[in-house]
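Enquirer:
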Amino acid sequence: TGYQTWLHGEAVGLGMRMAADLSVLIGSLSADDAQRINRLIDRTGLPNQLPANSDPQRLLELIYADKKTESGTLTFITMNGIGNATINKGITDQQVLQTLEQFR
């Protein structure tokens, strides 16, 4: 990330948390389901926030440089319920930034 070194599993765990919160934001996952997901991840001891010096705008730029972007369109995995994930190409920059801000 350019901020510090994270193990792959740590990044995946935080990404799962963010996917749950983003899914709540877009209305496809209930807040109760997101809380359940976060409680389960908490039990693993994986990180629950970004490094303090994280810049959401810079992270968004890095996301655009990632393999999950196709023709300038962001692609995310969002959830419609626990165990029910979908590929979502309709996420806006503002929704990503709002989600990143929640984890600072």
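Residue numbering for the sequence shown is 1 to 104, as defined by the working numbering. In this text, a Cβ means the ideal position worked out from N, Cα and C, and glycines have one as well. Quantities reported herein were computed from a predicted structural model and do not represent experimental measurements.
Considering only residues of the same chain and omitting the five flanking positions on each side of I41, which have a CB-CB separation below 8 Å?
Expert: Taking the sequence shown and counting its residues from 1, one reaches residue 41 at position 41. Here the set comprises G13, M16, R17 and N48.
Enquirer: Look up T44 in the DSSP assignment and say whether it is helix, strand or coil.
Expert: Indexing the sequence shown from 1 puts residue 44 at position 44. If DSSP states are grouped into helix, strand and coil, T44 belongs with coil.
Enquirer: Using beta-carbon positions only, say whether I107 and V24 come within less than 8 Å of one another.
Expert: Any property of residue 107 remains undetermined from this structure, which presents the chain solely from 1 to 104.
Enquirer: Based on DSSP bridge pairs, tell me the residues matched to T86.
Expert: As a first step, residue 86 must be located in the sequence shown, where it is residue number 86. Paired residues: T78.
Enquirer: Quick check: is the beta carbon of I26 nearer than 8 Å to any beta carbon in chain C?
Expert: No chain C appears in this structure, which consists of one protein chain only.
Enquirer: What are the uninterrupted segments assigned as alpha helix (DSSP H) that are 4 or more residues long and contained completely in the segment 17 to 68, given in chain order?
Expert: Whole alpha helix (DSSP H) segments, 4+ residues: 31 to 42 and 56 to 65.
Enquirer: Does the beta-carbon distance from I77 to A19 come in below 8 Å?
Expert: Against the sequence shown, residue 77 aligns to sequence position 77. Against the sequence shown, residue 19 aligns to sequence position 19. Yes, the pair counts as a contact, with Cβ atoms nearer than the cut-off.
Enquirer: Tell me which residue opens and which closes the alpha helix (DSSP H) that T92 is part of.
Expert: By 1-based counting over the sequence shown, the position of residue 92 is 92. Per DSSP, T92 belongs to no alpha helix (DSSP H) and is neither H nor E.
Enquirer: Indicate the three-state DSSP secondary structure (helix, strand or coil) for T99 in the structure shown.
Expert: For the purposes of this step, residue 99 is taken as residue 99 along the sequence shown, with counting starting at 1. T99 falls in the helix class under three-state DSSP.
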